[in-house]
Amino acid sequence: MAFDYDPVAQLFQRLERQLNKLSSKPQPKNIHQFRTAARRVETVLGELHSLSDRRQRKLLKLVTKLRRRAGKVRDLDVETAALRSLRVSEQPGRKTQILETMLAMRAKHERRLLDLLDKETVRELRHRLKRAHERFPDTPHDAMALTRTMLAAFMSNGHPTSEKLLHRYRIAGKKIRYIAELAADHNDAQYTIEELKRMQDALGEWHDWLTLGQRVAKLLPESVNSPLRAAISNITRAKYRDAVQAVSTAKANLNRFPSDIQVAPPQKPNIVAQRVARAVA
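Per my numbering, residue 1 is the first one in the sequence shown, and the count goes up by one each step.
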């Protein structure tokens with residue numbers, strides 16, 4: 001189903017609203033919402049718009065820079081929550097030590113994010129966002145057709161047997177979902193969004209524990225066999241298996257769309273057969 005300028009404009013407007021919230025109060029929720037809004041705008045600019053325009057390239061560069069800076073804070077928020085949920089009876093001081101270090105790191109990255117969000121940068125980004133959605137081409141695009149094209153490339157990837165390939169599925173799934181959301185009133189788009197959301201949830205959990213394990217390994221390099229690292233490693237392996245299964249399930253379910261399934265027309269009643277049946281009875 002075709003979509004017009006409006007849903008695309010809403011993405012730019014949403015990012016501007018999240019920018020205002022982030023610059024005034026960088027709470028975990030605001031950081032997360034800004035990050036996801038930025039990813040959507042990056043996807044639209046990359047998939048639906050030519051970046052031959054120097055102004056569009058500058059906008060994309062600025063959005064990406066801010067999103068990555070916010071991502072450093074968001075990653076620590078997620079990893080801290082995961083670590084707090086972990087119950088390790090042995091060497092509890094290790095967990096406390098890591099949490100204190102991570103909180104200090106978060107404070108440092110938050111300061112860097114706020115330094116980047118100075119009045120001049122915020123004003124420039126607001127201006128570029130407004131200009132971008134004003135200049136965005138209003139010629140109709142078929143979001144569902146683009147979704148299908150991106151899914152074809154997604155399906156061509158092999159079975160996720162490595163962390164690198166699983167990460168590629170994670171990134172590709174997000175981009176496809178963001179494009180499908182532009183055609184959200186299409187049944188096939190809704191079906192795609194739901195399937196990819198389930199896959200992304202599993203991939204996201206695996207990735208959160210993976211990055212937590214990598215961070216703890218850097219902070220406790222001398223404790224290779226520590227109970228804390230062993231517990232994180234066990235959970236990460238379990239989440240990895242769940243993520244692989246989620247990708248396989250999504251690929252199987254997205255092989256066909258609801259609109260591809262042919263529903264047989266209802267059969268007309270056989271009057272003669274009904275009369276014979278009544279006579280025999």
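Think of the CB as a built atom: it goes at the ideal place given N, C-alpha and C, for glycine as much as any other residue. Remember, it's a predicted structure, so these values are computed and weren't measured experimentally.
Can you find the residues in the same chain that come closer than 7 Å, C-beta to C-beta, to residue i, ignoring five residues on each side of it along the sequence?
i, result
"Tyr169", "Asn157, Pro160, Leu203 and Val247"
"Ile179", "Thr43, Glu47, Ala143, Leu146, Thr147 and Met150"
"Gln190", "Ala184"
Using the Cα positions of residue i and residue j, report the straight-line distance between them to the nearest angstrom.
i, j, result
"Arg17", "His32", "13 Å"
"Gly284", "Arg35", "Beyond the ends of the chain as shown, which are 1 and 281, falls residue 284; an answer cannot be given."
"Arg74", "Pro28", "7 Å"
"Glu290", "Glu100", "In the structure displayed, the chain extends from 1 to 281; residue 290 sits before or after that span and is not available."
"Gln214", "Phe12", "34 Å"
"Ala231", "Thr211", "14 Å"
"Lys108", "His186", "44 Å"
"Lys61", "Asp6", "24 Å"
Within its chain, find whatever has a CB closer than 8 Å to the CB of residue i; leave out the 5 residues flanking it on each side and keep chain order.
i, result
"Thr64", "Ala38 and Glu42"
"Lys21", "Asn30, Gln33 and Phe34"
Assuming contact is defined by CB atoms lying nearer than 8 Å, are residue i and residue j in contact in what I supplied?
i, j, result
"Leu228", "Gln91", "yes"
"Ser226", "Arg94", "yes"
"Ala250", "Arg198", "yes"
"Ile171", "Leu196", "no"
"Arg69", "Arg112", "yes"
"Asp201", "Phe257", "no"
"Pro26", "Leu114", "yes"
Looking only at its chain, what residues have a beta carbon closer than 6 Å to the beta carbon of residue i, apart from the 5 residues adjacent to it on each side?
i, result
"Trp206", "Lys239, Tyr240 and Ala243"
"Ala217", "none"
"Asp208", "Val78 and Ala82"
"Asn253", "Glu195"
"Thr139", "Because the pLDDT of Thr139 is 43, which lies under 50, any placement of that residue in the model is unreliable, and the question is left without a value."
When DSSP builds the beta bridges, which residues end up paired with residue i?
i, result
"Asp342", "An answer regarding residue 342 cannot be provided, because it is not within the stretch 1 to 281 covered by the chain."
Which term fits residue i, buried or exposed, when burial requires 16 or more other beta carbons within 10 angstroms of its beta carbon?
i, result
"Ser23", "buried"
"Glu181", "buried"
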